[in-house]
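**Student:** What follows is a single structure, and I will ask about it in a moment.
Below, the structure written as structure tokens:
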């Protein structure tokens, strides 16, 4: 287990694959003020009176999202994705301030890999379809598996960023097999997404070893759910196969 955890720390830091190379192919980074016509977020100030005292809070309206924890029963691996997240990159290079950097970012001092995250397959709830149908599309687009809608099983609904954005998140579980792999994945349009896999032992390292990663809390929630509800079943399957 110790060797697995050490290997995982290296994995979280850098992955040498063609997909990972594409993630590093960022040649310039700079910031501008947010335009008022953003399609993804809407900032505003909410006013309210509590116990006779008028208060206000600055909030950001965002779309709800969904995430899918995928387990490949053929390969006995969890299927995840890695991608560059601009917000994570900004959060790291700016530190604990609200300052917006001016001019071009020094990519030697702040390499783009700082903003590469490890995530569940995920997407925004931005279509007039059921959540399960949207989840199915994301599994195909990001990871390349064509699965039936009824294989997308709900786990939790929760909210993140409750101090400022409080977007709703729907967490699902889906089992896939190699016969359902019909494409390489990697996203659509201008998305650059790398598909990666973790064993059950590697997943345990995430919740036991204190490994520092770039990832959302929902990733750890999903891992803990899997370890509590599915891991023993698939460990038994592995033992029987051997």
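Numbering (full-length UniProt numbering), first residue to last: 1 to 242.
Each residue gets a CB set at the ideal place from its N, CA and C atoms; glycine is no exception.
Considering only residues of the same chain and omitting the five flanking positions on each side of residue 110, which have a CB-CB separation below 6 Å?
**Tutor:** Residue numbering aside, residue 110 sits at position 110 when the chain shown is read from its first letter. 93, listed in sequence order.
**Student:** Measuring CB atoms only, is the region 150-161 touching the region 172-179, in the sense that at least three cross pairs come out at less than 8 Å?
**Tutor:** Flag = yes, the region 150-161 and the region 172-179 touch.
**Student:** State the DSSP-derived secondary structure class of residue 72, mapped to helix, strand or coil.
**Tutor:** To locate residue 72, count along the chain shown from 1; it is residue 72. Residue 72 falls in the strand class under three-state DSSP.
**Student:** Whose C-beta lies closer than 6 Å to the C-beta of residue 88 among residues of the same chain, with five residues either side of it excluded?
**Tutor:** Residue mapping note: residue 88 aligns to position 88 of the chain shown, counting from 1. Within the same chain, residue 88 has close Cβ partners 115, 117 and 214.
**Student:** List the DSSP bridge partners of residue 32.
**Tutor:** Counted from its first residue, the chain shown places residue 32 at position 32. Residue 32 pairs with nothing; no bridge assigned.
**Student:** Go ahead and label residue 233 buried or exposed: buried means 16 or more other beta carbons lie within 10 angstroms of its beta carbon, across all protein chains shown.
**Tutor:** Along the chain shown, read from residue 1 onward, the residue named residue 233 stands at position 233. When all chains shown are included, residue 233 counts as exposed.
**Student:** Would residue 222 and residue 67 qualify as a contact pair, given that the criterion is a beta-carbon distance under 9 Å?
**Tutor:** On the chain shown, residue 222 is found 222 positions in, with the first residue counted as 1. On the chain shown, residue 67 is found 67 positions in, with the first residue counted as 1. Yes, these two residues count as a Cβ contact at 9 Å.
**Student:** Let's see if you can read the secondary structure: which residues bound the alpha helix (DSSP H) around residue 94?
**Tutor:** Translated into positions along the chain shown, residue 94 becomes position 94. Start and end: 86-94.
**Student:** Keeping to the same chain, check which residues put their C-beta closer than 8 Å to that of residue 77; ignore five residues upstream and five downstream.
**Tutor:** As a working note, residue 77 is residue 77 in the chain shown. So the qualifying residues of the chain are 71, 197, 198 and 199.
**Student:** From 113, 49, 44 and 65, pick the residue whose C-alpha is nearest to that of residue 127; which is it?
**Tutor:** One-based indexing of the chain shown puts residue 127 at position 127. When only C-alpha atoms are compared, the closest one is 65.
**Student:** Taking the alpha carbon of residue 184 as the reference point, which residue from 204, 130 and 194 has its own alpha carbon closest?
**Tutor:** Here residue 184 is taken as the residue at index 184 of the chain shown, counted from 1. Out of 204, 130 and 194, 194 has the C-alpha closest to the C-alpha of residue 184.
**Student:** What is the DSSP secondary structure of residue 218, counted as helix, strand or coil?
**Tutor:** Residue numbering aside, residue 218 sits at position 218 when the chain shown is read from its first letter. Correct three-state label for residue 218: helix.
**Student:** Any idea what DSSP makes of residue 118, helix, strand or coil?
**Tutor:** The residue labelled residue 118 in the question sits at position 118 within the chain shown. Strand.
**Student:** Below 8 Å on the Cβ atoms is my contact criterion, and I expect residue 219 with residue 120 to pass it. Report the Cβ-Cβ distance as a whole number of Å.
**Tutor:** Position 219 of the chain shown, counted from the start, is the residue given in the question as residue 219. Position 120 of the chain shown, counted from the start, is the residue given in the question as residue 120. That belief holds up - the Cβ atoms of residue 219 and residue 120 are roughly 6 Å apart, short of 8 Å.
**Student:** Using a Cβ-Cβ cut-off of 8 Å (strictly less than) and excluding sequence neighbours within five positions of residue 159, which residues of its own chain qualify?
**Tutor:** Reading the chain shown from its first residue, position 159 is the one you call residue 159. Once the five neighbours on either side are set aside, the close Cβ partners of residue 159 are 166, 167, 168 and 169.
**Student:** Can you find the residues in the same chain that come closer than 7 Å, C-beta to C-beta, to residue 224, ignoring five residues on each side of it along the sequence?
**Tutor:** On the chain shown, residue 224 is found 224 positions in, with the first residue counted as 1. Result list for residue 224: 207, in chain order.
**Student:** Count the other CB atoms, across all protein chains shown, that sit within 10 Å of the CB of residue 142; report buried if there are 16 or more and exposed otherwise.
**Tutor:** Mapped onto the chain shown, residue 142 falls at position 142. Buried, since its Cβ has 16 or more Cβ neighbours within 10 Å.
**Student:** On the DSSP letters alone, give me the boundaries of the alpha helix (DSSP H) that residue 136 sits inside.
**Tutor:** As a working note, residue 136 is residue 136 in the chain shown. 131-138 is the span of the alpha helix (DSSP H), which, as asked, contains residue 136.
**Student:** Straight-line CA distance for residue 146 to residue 190?
**Tutor:** Along the chain shown, one-based indexing puts residue 146 at 146. Along the chain shown, one-based indexing puts residue 190 at 190. Each residue's Cα considered, the two are about 21 Å apart.
**Student:** Specify, as a first and last residue, the run of the alpha helix (DSSP H) that residue 203 falls within.
**Tutor:** Translated into the one-based positions of the chain shown, residue 203 becomes position 203. Note, residue 203: alpha helix (DSSP H), 200-208.
**Student:** Pull up the CB-CB distance for residue 212 and residue 227, whole angstroms please, since I reckon it's below 8 Å.
**Tutor:** Taking the first residue of the chain shown as 1, we reach residue 212 at position 212. Taking the first residue of the chain shown as 1, we reach residue 227 at position 227. Contact flag wrong, Cβ pair sits at about 19 Å.
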